[in-house]
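**Student:** Sharing a structure with you now.
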Amino acid sequence: MILGLSRSWSLTGYLIAAVITLPLIALIVQATFPDEAVFKHLFDTVLPTYIANSLLLMLLVGIGSLVIAVPAAWFVARCEFPGRRYFQWLLLLPLAMPAYIVAYVYTDMLDYAGPVQRVLRDLFQWSSPHDYYFPAIRSLGGAAIMLSLVLFPYIYLLARTAFMEQSSSLLHASRIMGSSPWRSFWRVALPMSRPALAVGVALVAMETAADYATVSYFAVPTLTTAVYDTWLGYGSLTAAAKLSAIMLLVIFTMVGVERFARRKQELFQKQSALSDNDRYRLTGIKSFAAWAYCSALLLFAFLLPFIILSAYAIDYFDQSWDDRFWQYSWNSLYIAVLVSLICLLLALILMFVRRVSPRQSDSLPSRLSSTGYALPGTVLAIGVLVPLTYLDFAVNDIYDWFGARGPGLFFTGSVFALVFAFTVRFLAIAIGSLESSYKRISPSLDMASITMGQKPKQLLMRVHLPLLRKGLLAGALLVFIESMKELPAALLLRPIGFENLATYVFQFVSDEKLEHGALAAIVIVFVGLIPLIYLNRSLEHTR
Amino acid sequence: MKMVQGTAILGLACLASSAMADEALTVYSYRQAFLVEPILEQFTQNTGIKVNVVFAKDGIAERIEREGRLSPVDVVLTSDFSRLMELVEKDLVSPVNNDVINSNIPEVYRSPTNDWYALTMRVRNVYSSKERTGKIDIDYEDLAKPEYKGKICTRSGKHPYNVALVASMIAHHGEAETKTWLSGVKANLARKPQGNDRDQVLAVKEGMCDVAIGNSYYYGNMMMDENQKSWAEAVEINFPNQANRGAHINVSGMALAKFAPSKDNAIKLMEFLTSNVAQQAYADVNMEYPVKADVKPSKLVASWGDFKADSLPIYKLAENHQAAVKLLDEVKFDL
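From first to last, the protein sequence lines are chains A and B. Residue 1 is where the first sequence starts when you use this note's numbering, and the numbers rise one by one after that. Residue 1 is where the second sequence starts when you use this note's numbering, and the numbers rise one by one after that.
What follows is the structure, encoded as structure tokens:
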């Protein structure tokens, strides 16, 4: 860009990046401290299993959600069958459902004591678990299925877009040259959408690595639960930090591989809008199969858990509808709103600097600030607490030095730590959303505006902001949903006595009585639905 | 740079919402709200001292450690013994040498250095299926015997209640023998350790397993719960090791925080918690055994009969706590 952006802008960018990466740095520093042989003991006993479980789970969930999502995305994007228009957005709904809630509902149904097995026992006159085999839902495989059910929409969303944006002429060409629809899907459409699928799988794997509640409920120890246990069970923050470092290594490797795999691919993506006529018109059994597939997916990933949850919420309405419920809803809401606003603001500054700065290096802050998303909540919590605790003591020491009474736990004792952690984790989402919006604004607009004598601030306020409105809203909504759902960071960082809906619901889940928390769970889901539906609309209209 | 100022203002706004400590007592509690709140309200009525109580399942000790001298906590209430020890080990408590408390709490139920006091005791029982097993005379040692292959259910070995049981086994038998025992128990499990103590009783009812390990008060609590009464009715409650050393006892307890901002009031609260009124409340609300000698357990609890308790002083468990956690990892009990 030709704009002479003042130094203070890029300085602000670097400052933001420094604060956002602070937890990551603190974590790495903490991991280098010596600890009292706790880590070695873990390494000799259970750690290999934890690592294996984590990797296996990521792999299974990656494959699982890919297998579920790709056909659905293909049907919706390239085929025409009854209900297609509805499935298009209905299949996004599972995103609003926290995985541990789905897990709970299915466990209740499929456990030994649950209705499914009870009916089977009655039917076949079995009397003990030794009489028959039924796969255990509370297992690694079970967790993989639960996580796939709620995470597949990430891949679905990206694959759908990729399939829609693929140039139809290539597909036509392959058809003309004699390929069957099936073959052209395998040989042309699927390879072309590989970059999108890779991003989707990476997202799913990261979310899987970050999951704490499902695996702890299923008693499947992974690195995430190990971090939690090592910290609170062995009481060793350093050993926990070392574990976190291993986990980060795994995740960053994955992100790196994904980036590498995607690098060569983007050239092929050329957009020529897909018209309704370009879709395969499915008939007869094929049309029914597509419909049945999408319906089953919707049923198992969203409707069934949602209905059961609603039934619980109605049954236990009187016990659940109290002051606490309101308090926790309010806590969730204001934290989520606050975090969304802060993320937007920071992302806007970072992206603006990146866009208009004449200096190449000014794209660094926004890239650095996106690393937080890779930090799972438990890991992030350690990274946040370490520096904030130092800060708390420093502030109080200064007061003491002046002979005044300090403010106490200004940072770690308030919601500050929580808001900070959420911001670090979700800023990447806001940045990503703005990045894609910015791509749609032609640089010539910037130049025109500068030619007409606008200052950077005016360019941002008068030209960019109005054009970015949709991207801003979409980013804010995504951050909002994630903040409502985020559990592990909230569990570890909430000021003592502070609950939000997620921690409140999880307490019931871990006590095996979700019924009492069902109302709160429904609120999380509903609040998540509204942004999802809006988001889907805005995605459709931009196309 | 309006935006930077905006961020700063937002930041301050969220700080302002954090409640600054007032002069009331602050209690951190591992124990659940329904149990503690009525007792604390009674205390406030008696003395006029307000109590802010905050609950958490995990990490209270870690939090107090981090808060250091800035910590607002006065009294910590725990639901088991290892949490008390954790506080002591991390040097987060200050000793109380108070005559009222000392006369209320027998010596075996408090730290020799007055670092902590037990408030109630609970027995780690063995539940057995009414239908398939009936009442049994069982020792913890028996759980590793081949006759129980595929018949035992328990929650995670890492749960403090089980860790304390393993620690007591180490105290009686040494590490090597306990490890063998633990492997034996693991080999006998009907399913991977999961759920809480109530779930184990449900699993017995449903025929998943024949015996389960669980704390005594759950039995009473399930009896009182309409939805769970049938679970409790499907099992017998057995006190283990009655022919020899007695059943393993765990305790809930209290400790005075090292940096308690209002020590005097905190001690008043601690005195109150050992009084007959509070002890009776614990016994009635949560079906636990009071530690104060002249307070009787609830009628329901008394109906389970008298039993012999392990006379191992509670603080002896502490010495074996870390070893117990490590043994559990070594035999991969939960995996």
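Beta carbons: idealized from backbone N, C-alpha and C, even for Gly.
1. According to DSSP, is Met208 of chain B part of a helix, a strand, or is it coil?
2. Roughly how many whole angstroms lie between the Cα atoms of Gln166 of chain A and Leu468 of chain A?
3. Does Arg138 of chain A have its Cβ less than 7 Å from a Cβ in chain B?
4. When the Cβ atoms of the region 31-43 of chain B are set against those of the region 277-293 of chain B, are three or more pairs found closer than 8 Å?
5. For the alpha helix (DSSP H) containing Asn102 of chain B, list its first residue and its last residue.
6. The region 60-76 of chain B: which residues have C-beta closer than 9 Å to a C-beta of chain A, in chain order?
7. By the criterion of Cβ-Cβ separation under 7 Å, what are the contact partners of Asn196 of chain B in chain A?
8. Nearest-angstrom Cα distance between Gly372 of chain A and Leu22 of chain A?
9. What residue ranges within the region 162-224 of chain A form continuous beta strand (DSSP E) runs of no fewer than 3 residues, ordered along the chain?
10. Thinking C-alpha only, which one of A:Arg425, A:Gly114, A:Ala213 is nearest Gln507 of chain A?
11. Do Val53 of chain B and Lys151 of chain B have their C-beta atoms within less than 7 Å of each other?
12. Does any residue of chain A bring its CB to less than 7 Å from the CB of Asn320 of chain B?
13. Could you check if Trp182 of chain A is buried or exposed, using at least 16 other CB atoms within 10 Å of its CB as the buried criterion?
14. Quick one: using the 10 Å Cβ neighbour count with 16 as the cut-off for buried, is Val277 of chain B buried or exposed?
15. Met208 of chain B CB to nearest chain A CB: under 7 Å?
16. Taking only beta carbons into account, state which residues of the region 78-103 of chain B come closer than 9 Å to chain A, listed in chain order.
17. With the cut-off set at 7 Å, would you say Leu24 of chain A and Ala241 of chain A are in Cβ contact?
18. On a Cα-Cα basis, can you pick out the residue from B:Ser111, B:Tyr148, B:Lys158 that is closest to Val126 of chain B?
19. What residues from chain A crowd round Ala357 of chain B, counting only those whose CB sits closer than 8 Å?
20. Is any beta-carbon of chain A found at less than 7 Å from that of Leu202 of chain B?
21. Based on DSSP bridge pairs, tell me the residues matched to Ile249 of chain B.
22. If you draw a straight line from the C-alpha of Ile587 of chain A to the C-alpha of Phe81 of chain B, how long is it?
23. For the region 28-62 of chain B, which residues have a CB atom closer than 9 Å to at least one CB atom of chain A, in sequence order?
24. Of all the residues that make up the region 381-405 of chain A, which are near chain B by a beta-carbon distance shorter than 9 Å?
25. Compare the Cα-Cα distances from Asn162 of chain B to each of B:Arg63, B:Tyr30, B:Lys186, B:Phe307 and report the closest residue.
26. Just the C-alpha distance for Leu42 of chain A and Trp231 of chain A, rounded to the nearest angstrom, thanks.
27. Give the single residue among A:Arg494, A:Leu460, A:Pro153, A:Ile450 whose Cα lies nearest to the Cα of Val415 of chain A.
28. So Tyr14 of chain A contacts chain B; which residues on that side make the cut at Cβ distance below 7 Å?
29. Between Asp225 of chain B and chain A, is the shortest Cβ-Cβ distance under 7 Å, so that the two count as touching?
30. Can a CB atom of chain B be found closer than 7 Å to the CB of Gly408 of chain A?
31. Could you give the first and the last residue of the continuous beta strand (DSSP E) run that contains Ile237 of chain B?
32. Tell me the rounded alpha-carbon separation between Tyr328 of chain A and Val525 of chain A.
33. Is the CB-CB distance between Ala61 of chain B and Lys90 of chain B below 7 Å?
34. Between Phe268 of chain A and the rest of its own chain, which residues show a CB-CB distance below 8 Å, the 5 nearest in sequence each way excluded?
35. Is it true that the region 304-319 of chain A meets the region 397-408 of chain A, where meeting means three or more beta-carbon pairs spaced less than 8 Å apart?
36. In chain B, which residues lie with their C-beta within 9 Å of the C-beta of Ile314 of chain A?
**Tutor:** Well, looking at it:
1. coil
2. 25 Å
3. yes
4. yes
5. 99-104
6. Ile60, Ala61, Glu62, Arg63, Glu65, Arg66, Glu67, Gly68, Arg69, Leu70, Ser71, Pro72, Val73
7. Asp511, Glu512
8. 10 Å
9. none
10. A:Ala213
11. no
12. no
13. exposed
14. exposed
15. yes
16. Glu86, Glu89, Lys90
17. no
18. B:Tyr148
19. The shown model of chain B, from 1 to 335, leaves out residue 357 of chain B, and the question about it has no answer.
20. yes
21. B:Val123
22. Because residue 587 of chain A is not part of the residues shown, which for chain A are 1 to 543, the question remains open.
23. Tyr28, Asn52, Val53, Val54, Phe55, Ala56, Lys57, Asp58, Gly59, Ile60, Ala61, Glu62
24. Leu385, Thr389, Asp392, Phe393, Asn396
25. B:Lys186
26. 12 Å
27. A:Arg494
28. Those within 7 Å of Tyr14 of chain A in chain B number zero; the least Cβ separation is about 13 Å.
29. no
30. yes
31. 235-238
32. 15 Å
33. yes
34. Summary for Phe268 of chain A: the model assigns pLDDT 49, below 50, so the residue's position carries little reliability, and this model does not support an answer.
35. no
36. The contacting residues do not exist; Ile314 of chain A stays about 16 Å from chain B at best.
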